[in-house]
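Numbering (full-length UniProt numbering), first residue to last: 1 to 242.
Cβ atoms here follow ideal geometry from the backbone N, Cα and C, with glycine treated the same way.
Small disclaimer: the values here were computed from a predicted structure and weren't measured.
Working notes, beginning with the structure itself.
Right under this line is the structure:
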């Protein structure tokens, strides 16, 4: 019998089936492994994408928060600069006239300060301090250098400033200088405007001479009763912040 048509033995058939079955089992296992690997890769890719999106969202929130914070800080800094600029700006409240005229000073709305012996703007007038120093002693102003009782000017007239030039006792100089320095100190501490008499260095030098030299040159004017007058002259001032 030709080998071409040789019969298949039972042993050959079983061997063939076993090989076929083994090949099928191996392919199925390989397919399963490939499927699992693909699922793992897909899961890994998905997790990575979620993490990336979460990180991007967190970064965006941080950027927005930082922007809001910096905007507020810059706004506060800007407001502080504006406030400092406003505080540093000099404000001029005007003057009491250039003609040394009582009428002009009143027309400009100025008031008379008897302790400074000046016409000043209301913004530079410290009523409380004026009353404090006016009550320190029994003041009197006179038209006569001998300070006679007949020449005494009523106190309400003094407050009105009707007489730019008068005579008073020598001690007025000492009290006046102390008053002026206290007035300046209060204005600086409380950020209030100051009159031009306070900022005049000539007046500061005058008070220096009064306190250091006791104004000895005026002693020649003292009477036998040791009445030592001094002459006061009004000053017309302007008023502004420093």
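With respect to the 9 Å criterion, residue 186 and residue 113 are not classified as neighbours on the basis of their beta carbons.
Here the alpha carbon of residue 108 sits roughly 16 Å from the alpha carbon of residue 196. Burial state of residue 146 is exposed, judged by a 10 Å Cβ sphere holding fewer than 16 other Cβ atoms. Every alpha helix (DSSP H) of 4 residues or more that sits fully in the region 142–214 is shown, in chain order, as 155–160, 171–189 and 201–213. Taking the Cβ atoms as the reference, residue 117 lies roughly 7 Å from residue 235, within the contact range of under 8 Å. Out of 128, 227, 180 and 124, the CA that lies nearest to the CA of residue 92 is found in 124. Across the structure, residue 169 and residue 199 are spaced so that their CA atoms are roughly 25 Å apart. According to DSSP, residue 113 shares a beta bridge with 118. Per DSSP, the unbroken alpha helix (DSSP H) holding residue 106 starts and ends at 102–107.
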